[in-house]
Amino acid sequence: MPFGLRNAAASFQKVMNSALSEYREFCKAYLDDIAIFSCDWDTHLKHLDVVLSKLTELKFTVNVKKCIFAKTQLKYLGHIIGAGRHELDPEKLRAIEIIERSRTKSALKSALGLFNYYRNYIKNYAEIAKPLTDLTKKNVPESIPWTDVEELSFQELKNLLCEAPTLYTPDPKKSYVIQCDASSYGVLVLACLKGTTKSAKLRRWALALQRYNIHISHCQGAQLKNADGLSRLVCD
1 MPFGLRNAAA SFQKVMNSAL SEYREFCKAY LDDIAIFSCD WDTHLKHLDV
51 VLSKLTELKF TVNVKKCIFA KTQLKYLGHI IGAGRHELDP EKLRAIEIIE
101 RSRTKSALKS ALGLFNYYRN YIKNYAEIAK PLTDLTKKNV PESIPWTDVE
151 ELSFQELKNL LCEAPTLYTP DPKKSYVIQC DASSYGVLVL ACLKGTTKSA
201 KLRRWALALQ RYNIHISHCQ GAQLKNADGL SRLVCD
């Protein structure tokens, strides 16, 4: 399919959906990014063989150098997915950290597009983002006004995404807590899985420490008198 055509992406997606329609239970495709997932290794080999055979039958070409095999998790469309959970791609987090406030309506729409793509990670997203979405209305000039209200909303969205939680695939065997709320401009329903939660910051620390062969245990401050005392000193 030639590049640059307006409907090329939609047409190609339609072809992929049709080609892999028999394997929706274990295979998803977004354009030319195909993800194959299975419950165990033997089943995964069978699924892999089935999908590759189908692509060969349809005379599709697969670039092996761009393929990733036998992974428990991978980067996919801006997320890290696998093992029944998904979280933000750290590379996307770095882009979010350095994004600056928008000075025009067009720039704000681009920023909101990024925030909106990851809205599932932010509780009460619509409510928090409302001061910004109000600036995209027709009666607002292209050079948008920016007050402390918009700045607070903008920074809160950035901070919440940078500390976004890991989202888990629903498990019907476990207990859930349903949280719901509504306002004049939004309705929220959350299905929360009971369990231990870990912040994004702690997960990044854990990944950084995996290279070292160490054992970490918690000690009360009273048992670490020297280190505890030094950590509380205020240096000019």
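Numbering-wise (the UniProt record's numbering), the sequence shown opens with residue 1 and increments by one.
Backbone N, C-alpha and C fix where the C-beta goes; we use that ideal spot for every residue, glycine too.
Values in this document were obtained by computation on a predicted structure and should not be read as measured data.
DSSP state of residue i mapped onto helix, strand, coil
| i | result |
| --- | --- |
| I214 | coil |
| Y76 | strand |
| Y23 | helix |
| L49 | It is worth fixing the name first, because residue 49 is Asp in this sequence and not Leu. If DSSP states are grouped into helix, strand and coil, D49 belongs with the helices. |
| N7 | coil |
| L167 | strand |
| S106 | helix |
| Q220 | coil |
Neighbour-count burial assignment, residue i, 16 or more Cβ in a 10 Å radius
| i | result |
| --- | --- |
| E87 | buried |
| Y125 | buried |
| Y121 | buried |
| I98 | exposed |
| L190 | exposed |
| A29 | buried |
| F212 | The displayed chain sequence assigns Tyr, not Phe, to residue 212. Its Cβ having fewer than 16 others within 10 Å, Y212 is exposed. |
| S18 | exposed |
| Y176 | exposed |
Separation of residue j from residue i, as counted between CA atoms
| i | j | result |
| --- | --- | --- |
| M16 | W146 | 44 Å |
| L77 | I216 | 34 Å |
| I128 | S143 | 22 Å |
| A103 | L114 | Here residue 103 is Arg; the residue named in the question, Ala, does not match the sequence. About 16 Å. |
| S38 | E22 | 15 Å |
| F69 | A222 | 50 Å |
First and last residue of the uninterrupted beta strand (DSSP E) at residue i
| i | result |
| --- | --- |
| S184 | Note, S184: premise wrong, no beta strand (DSSP E); not H, not E. |
| L88 | 85-88 |
Nonlocal neighbours in the same chain, by C-beta distance under 8 Å from residue i, ignoring five residues either side
| i | result |
| --- | --- |
| K71 | G82 |
| V62 | L52, L55 |
| Q155 | none |
Any non-hydrogen atom of the ligand COA closer than 6 Å to residue i Cβ
| i | result |
| --- | --- |
| L55 | This structure does not include the ligand COA; it has no bound ligands of any sort. |
Endpoints, the alpha helix (DSSP H) within which residue i is located
| i | result |
| --- | --- |
| D33 | Unbroken run through D33 is the beta strand (DSSP E), 33-36; no alpha helix (DSSP H). |
Same chain, Cβ closer than 6 Å to residue i, neighbours up to 5 away in sequence not counted
| i | result |
| --- | --- |
| D181 | L188 |
Cut-off 7 Å between Cβ atoms - residues of its own chain near residue i, not counting five sequence neighbours on either side
| i | result |
| --- | --- |
| K109 | T136 |
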